[in-house]
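Trainee:
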Amino acid sequence: MNDRLSAKLKMYMQVREVCERNKTTLLSNAAFSRAAETLKTSVTGINETNTQLQGSDTGVTEEKSGQKREMAKLAFKISGALLAYGYEQSLHDLTADAALSMDDIIKAKDVDADDLALHILKLGNQYSNTLGDYGVNQEDIDNLGLAIQSFTTKIGTPRLNQTERKLLREKQEKYFLQADNALQNVMDNLIHQFEGKDELFYEAFQNSRSVIRSGVGKAAVAPKLPASVL
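According to my numbering, the stretch in the sequence shown is residues 75 to 304, in order.
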C-alpha cells in the first residue's frame, strides 16, 4: 500500500472511531448511520486484504531462498572437486567450464541459477567416476539433482502468487471505492444536519476528515477529539 492510500486509510479509521463513539447520535439519521456501517465494513476489508498482501508470498520467498542456497552449496562442492581434478589433470577446458562460486548462484536470477546448477550437475555426472578422491561421490551429485528439481518446482509458485496478489489488490480497490462513496456521497452531504444539534460530534467528524484534505500522502496525524466525545 503506497503512502497516499495509507494516509487515506488512517483517515477512514479516524472517521470510523468518531462514529463508533457516537452511535446514539447517528441514530437520528438512518442514512448517515448506514454509511458509517459501510465505512466500518470497508476498513475491515482493507485491513484484511492488506494483511494478506503483506504475507501472501513471504513463506514462498523464504523457502525458495533456502532451497536456492542449498542448491548453491551442493553445486559449489561439486564445482570445487571438478576444478581440483581438472587442475591435476591439466584439463583447462574443464577448469574453465566448472568455475563457480556460491554467490554466482545465490545472486543470479532464479532461472539463471537453475541453469548454472544444471550445468554443474551435468559435469558432475560426466566425471562422477573420477571425483571420489576429491570428496564428491554419487550421492552428492544425486542430492544436487534433487535440489535442482525442488527449486525448479518452487520458482513456478511466485507466478501463482502474482495472480493472487492482483486479485487481492482489486478487492482492496473496491473497498477503498466503497469507503469513498460512503464518505463523499452520503456522510459529507449529511454531516451538516448535525451542526447546531451536536456540535461535538460535528466538529470531531470534520477534524477526522480534514487529514486527507490537508495533503494526501503526508503522514496522517490523528486529531485531538473533545473529551466528551471520547
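We treat Cβ as the ideally placed atom computed from N, Cα and C, and that holds for glycine.
Ends of the alpha helix (DSSP H) at F225?
Mentor: Counting along the chain, the alpha helix (DSSP H) containing F225 begins and ends at Q212 to K228.
Trainee: Could you spell out the range, first to last residue, of the alpha helix (DSSP H) harbouring D184?
Mentor: Looking at the DSSP string, the run of the alpha helix (DSSP H) that includes D184 is D184 to Q200.
Trainee: Just the C-alpha distance for E269 and F275, rounded to the nearest angstrom, thanks.
Mentor: Straight-line Cα distance between these residues: approximately 9 Å.
Trainee: If you run the structure through DSSP and keep just helix, strand and coil, what is Q163?
Mentor: It is coil, neither helix nor strand.
Trainee: Quick check: the Cα distance between Q216 and S153, rounded to an integer number of angstroms?
Mentor: Residue 216 is actually Asp in this sequence, not Gln. Rounded to whole angstroms, D216 to S153 spans 14 Å at the Cα level.
Trainee: Determine contact between the stretch 147 to 162 and the stretch 192 to 199, defined as no fewer than three beta-carbon pairs at a distance below 8 Å.
Mentor: Enough Cβ pairs lie closer than 8 Å, so yes.
Trainee: For E137 versus K228, is the C-beta spacing smaller than 8 Å?
Mentor: The answer is yes: Cβ separation under 8 Å.
Trainee: Label N96 either buried or exposed according to how many other C-beta atoms from any shown protein chain fall within 10 Å of its C-beta, with 16 as the threshold for buried.
Mentor: By the neighbour-count rule (16 or more Cβ atoms within 10 Å), N96 is buried.
Trainee: Under DSSP, the alpha helix (DSSP H) around L83 begins and ends at which residues?
Mentor: First-last of the alpha helix (DSSP H) with L83: D77 to E94.
Trainee: Here's a check: name, in chain order, each residue in its chain whose Cβ is nearer than 6 Å to the Cβ of L205, leaving out the five neighbours to either side.
Mentor: Around L205: A155.
Trainee: Apart from the five residues on each side of it in sequence, which residues of its chain come closer than 7 Å, Cβ to Cβ, to S202?
Mentor: Excluding sequence neighbours, S202 sits near Q212 and I215.
Trainee: Excluding five sequence neighbours on each side, which residues of the same chain lie with their C-beta closer than 7 Å to the C-beta of Y161?
Mentor: Within the same chain, Y161 has close Cβ partners T169.
Trainee: Using only the alpha-carbon positions, how far apart do N308 and V210 sit?
Mentor: What the structure shows of the chain is the stretch from 75 to 304, and residue 308 is not part of that stretch, so it cannot be assessed.
Trainee: With C-beta atoms as the reference, is A253 less than 8 Å away from S116?
Mentor: Against a cut-off of 8 Å, the Cβ pair of S116 and A253 comes out as a contact.
Trainee: Less than 7 Å between C-beta atoms, sequence neighbours within five positions excluded: which residues of the same chain meet that for S139?
Mentor: Excluding positions up to five away in sequence, the list is empty.
Trainee: Please report the Cβ distance between Q246 and I120, rounded to the nearest whole angstrom; I am assuming they are in contact, meaning their Cβ atoms lie under 8 Å.
Mentor: Correct: roughly 6 Å between the Cβ atoms.
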